[in-house]
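As structure tokens, the structure follows; a few thoughts come after it.
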Amino acid sequence: MSSGDRGQEASTESQGQTGDSTFRLRPEYRRRLSRLSHAQYEATARGNRQRAERLRSRLVEGTPLGAGVGRIVYRLPERAYADGRDGGYALKLPIPDRHDRYGHDRDGRAQNRAEAELWERRPSRLLVPIVAADRRGRWLIMPLGESVDPDADRLRAVAERVAETYGLTGTRGQDITAENVVGLDGRLRLCDYGTLS
């Protein structure tokens, strides 16, 4: 990723791999995002749930699209886009979680960084692309995929292709579940790969 004049934030665009090569955040939203995403993480770490939710409400609207170990996912609000349109993107905000069930760090910032690094190092049609990410893992943005319910054979095929492409062995491949697969551009893609790298 090239940080250019954007400080710690970096855009990760790759020809033919991203949902929209013209994706741009409003500069004021990007500044707010970097500041408030860190503050909500710290409030969560201190156990101040009300403050964390209040801070998140200044960034996003409505209820989360989903939550997992270490991250909460919201639809990126219309006010975030430089051109004022809702392009259908998801914002992943980290929360602290040190549960080490799979033998590696499940903290949301580490997952965001790992996803961004994996996408930068080896973008693939197997993964939902990352269009923007904070280098410290404070936030990450990717296109929204469609909910799918792949049958066991299709899910196994996706898991096998991802495992082969990225050299995954053992328990790390077990993170590839139906909940982590979405439809995007007519393909099944993995949308949660922060623990795979």
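Numbering (my numbering), first residue to last: 197 to 393.
Ideal Cβ positions, reconstructed from N, Cα and C, are used throughout, including at glycine.
Three-state secondary structure (DSSP) of Gly302: The residue asked about is misnamed: residue 302 is Arg in this sequence, not Gly. For Arg302, the secondary structure class from DSSP, reduced to helix, strand or coil, is coil.
What's the C-alpha gap between Pro273 and Lys288? Computed Cα separation, rounded: 13 Å.
CB-CB under 7 Å to Val344, same chain, minus the five flanking residues each way: which ones, in chain order? Val377, Val378, Gly379, Leu384
Measure the CB-CB distance between Val327 and Cys387 and report whether it falls below 8 Å. no
Measuring straight from C-alpha to C-alpha, what distance separates Ala310 and Ile268? 16 Å
Identify whether Ser230 lies in helix, strand or coil by the three-state DSSP scheme. Looking at Ser230 - three-state DSSP - the assignment turns out to be helix.
From Pro290, Glu342, Glu316, Arg317, residue whose alpha carbon lies closest to that of Ser233: The candidate whose alpha carbon is nearest that of Ser233 is Pro290.
Using C-beta distances below 8 Å, list every residue in its chain close to Arg222, excluding the 5 sequence neighbours before and after it, in chain order. Arg275, Ala276, Tyr277, Ala278
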